[in-house]
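To start, the structure itself, in structure tokens.
Residue numbers (my numbering), protein chains in the order written: chain Y, 1 to 147; chain V, 148 to 403.
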């Protein structure tokens, strides 16, 4: 818009200078009268096109800059999300390892012996052991002929 | 005569009967002749797994021990239910009957009689392996079952309540001179490092660990209505159980 106004003013100045400098004045006035309007319109249109192109280039450059900035932000955010995810997985894995490590089997050998002695000291157990030797002899005797 | 193997756990609810039934199936599927005796007269249940839950059982182990039938009477061939050749799995169940249970506990087991029954069964049925599903804990009937076995398989869960009792069981088995003892860990959560757990068990109990059986949602959903290794042979539980069965067959005196 301002470029077109500027082109109009320059062209008007150009025509004013023609009238001021060219001789004879009547011929200069005739020339200016003939060319003023086409020249102003032509220059204004040319300037409008030129300004439109320059404006587009500037907009395109700004858009590209903005796009690059947004892409950079997205990449940074994605990296942050990945880092958080990795951290979470590492913690999960570490927790899992802790669970496995915690599965210890602790047995008091004295308690085992004490509890076993309680059973083995009973009358039933003693009787069973006596009968067991008889049973084993019986089984051995039964198996021997087959061998 | 084949091997007599007692399957035991210090605490109830470890999946002992389920494992016994599945081990029996895995052994039988390799061609072995397997016998299964349910000596858990206080809470018998293995017959349910073999599909006899709703079937009237004329004779049971209880009747034999009371002298009301011969050992030939309470034998049930459950092979056909599992698409196995006849006589592959012979079950000797116990009866869930409060009066019978009280009577048996009061009178006690006759060592000689049960031992003779086991020997006769193994000979008569030409068994390669006879699995005894015991009552959990360390009681008189349990001690008897362990005493007459060639091998003892103890089951535990990754649970503090099981650790001490399992060690006591092995100590008693050592005193009874049970020739071989093995350990199976059952219901192990997948989040645990099974290799690490196996190492800790080996260090603690100093016996071969023949199976780390993973917790199986499918097995839970089966609700003891089926032999899981038969219905879901590719499940990790089934694969681990099969490996344990093969180990037992190879490492007991059974030569099948």
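For glycine and all other residues, C-beta sits at the position ideal for the given N, C-alpha and C.
Contact of residue 208/V with chain Y by beta-carbon distance below 7 Å is absent, the smallest such distance being about 18 Å. Here residue 38/Y carries a helix assignment [DSSP, helix/strand/coil].
Residue 297/V carries a coil assignment under DSSP once its states are collapsed to helix, strand and coil. With a cutoff of 8 Å on beta-carbon distance, residue 241/V and residue 208/V are scored as near each other. In this structure residue 47/Y is buried. Its beta-carbon is surrounded by 16 or more other beta-carbon atoms within 10 angstroms. Against chain Y, a Cβ distance below 7 Å from residue 262/V picks out 135. The three-state reading of DSSP puts residue 329/V in strand, counting E and B together.
Listed in chain order, the beta strand (DSSP E) elements of length 3 or more contained wholly in the region 190 to 246 of chain V are 236 to 239.
At a cut-off of 8 Å, the C-beta of residue 119/Y has a neighbouring C-beta in chain V. Below the 7 Å Cβ cutoff, chain Y contributes no neighbours of residue 392/V, its closest Cβ being approximately 24 Å away.
When only Cα atoms are considered, residue 259/V and residue 343/V end up about 43 Å apart.
Bounds of the beta strand (DSSP E) holding residue 361/V are 356 to 361.
Pairing residue 357/V with residue 304/V, the inter-Cα distance amounts to about 14 Å. Against chain Y, the beta carbon of residue 271/V has no neighbour under 9 Å; the closest one sits roughly 12 Å away. Residue environment analysis places residue 190/V among the exposed positions, since fewer than 16 neighbouring C-beta atoms fall within 10 angstroms of its C-beta. DSSP, read as helix, strand or coil, puts residue 153/V in strand. At a cut-off of 8 Å between beta-carbon atoms, residue 172/V makes no contact with chain Y.
Interface flag for residue 80/Y against chain V is unset, since no Cβ pair is found closer than 8 Å. Excluding five sequence positions before and after residue 336/V, the CB atoms of its chain that fall closer than 7 Å to its own CB belong to 362, given in chain order. For the pair of segments examined, the region 271 to 283 of chain V was found not to touch the region 113 to 124 of chain Y: the number of CB pairs separated by less than 8 Å stays below three. Close CB contacts of residue 272/V within its chain, under the 8 Å cut and outside five residues either way in sequence, are with 180, 182, 222, 234, 237 (chain order).
Look at the region 341 to 365 of chain V: the residues with a C-beta under 9 Å from a C-beta of chain Y are 343, 344, 347, 348, 350, 351, 352. For residue 278/V, the uninterrupted beta strand (DSSP E) run begins and ends at 276 to 280, by DSSP. For residue 313/V, same chain residues with a beta-carbon under 6 Å away, outside a window of 5 residues either side, are 157, 301, 303 in chain order. Counting only runs of at least 4 residues, the region 10 to 58 of chain Y fully encloses no alpha helix (DSSP H) element at all. For the pair residue 159/V and residue 283/V, the CB atoms are nearer than the 8 Å cut-off.
Using a Cβ-Cβ cut-off of 8 Å, residue 112/Y counts as an interface residue toward chain V, since at least one Cβ of chain V sits closer than that to its own. Taking 8 Å as the threshold, the shortest C-beta distance from residue 302/V to chain Y does not fall below it. Using a CB distance cut-off of 8 Å, residue 294/V counts as an interface residue toward chain Y. Here residue 319/V is buried. Its C-beta has 16 or more other C-beta atoms within 10 Å. In the three-state scheme derived from DSSP, where H, G and I count as helix and E and B as strand, residue 81/Y is classed as helix.
Shown here, residue 68/Y sits in a helix according to DSSP, grouped into three states. DSSP places residue 303/V within a strand segment (E or B) once states are collapsed to three.
Residue range 109 to 120 is occupied by the alpha helix (DSSP H) that includes residue 112/Y, with no beta strand (DSSP E) assigned at that position. In this structure, the straight-line span from the alpha carbon of residue 89/Y to that of residue 80/Y is close to 14 Å.
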